[in-house]
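Residues 326 to 383 in this note's numbering are what the sequence shown lists, from first letter to last. Have a look at the structure below, then the notes.
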Amino acid sequence: NCFDGMLHHRIDDVREALTIDQSVPIVTCDARNRESTKQTLITLVEHSMRKWMSVRAG
């Protein structure tokens, strides 16, 4: 979560600490901001749809 444009941890550090694959998007978001939250949810849905399509084609 990004408050007032400030990140407390680098995205690469978060990815490494949580062992999140490079293919999984990590996005910054200020959950208090409607547009920021909307864009985060759009990214989630788009990623999920791409994964589903690749499994289905698979």
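Think of the CB as a built atom: it goes at the ideal place given N, C-alpha and C, for glycine as much as any other residue. On a predicted model such as this, the values are computed, not experimentally measured, just so you know.
message: On the DSSP letters alone, give me the boundaries of the alpha helix (DSSP H) that Val-339 sits inside.
response: Note, Val-339: alpha helix (DSSP H), 336-342.
- prompt: From Thr-362 to Ala-356, what distance separates their C-alpha atoms?
  reply: Linking Thr-362 to Ala-356 through their CA atoms gives a straight-line distance of about 5 Å.
query: Below 7 Å between beta carbons: does that hold for Cys-327 and Thr-368?
result: No, these two residues do not count as a Cβ contact at 7 Å.
field: Expected contact under 8 Å - CB spacing of Ile-351 and Val-339 to nearest Å
entry: With a Cβ gap of about 6 Å, Ile-351 and Val-339 count as contacting.
message: Could you pull the DSSP bridge partners for Met-331 from this structure?
response: For Met-331, which the question treats as bridged, DSSP gives the partners Phe-328.
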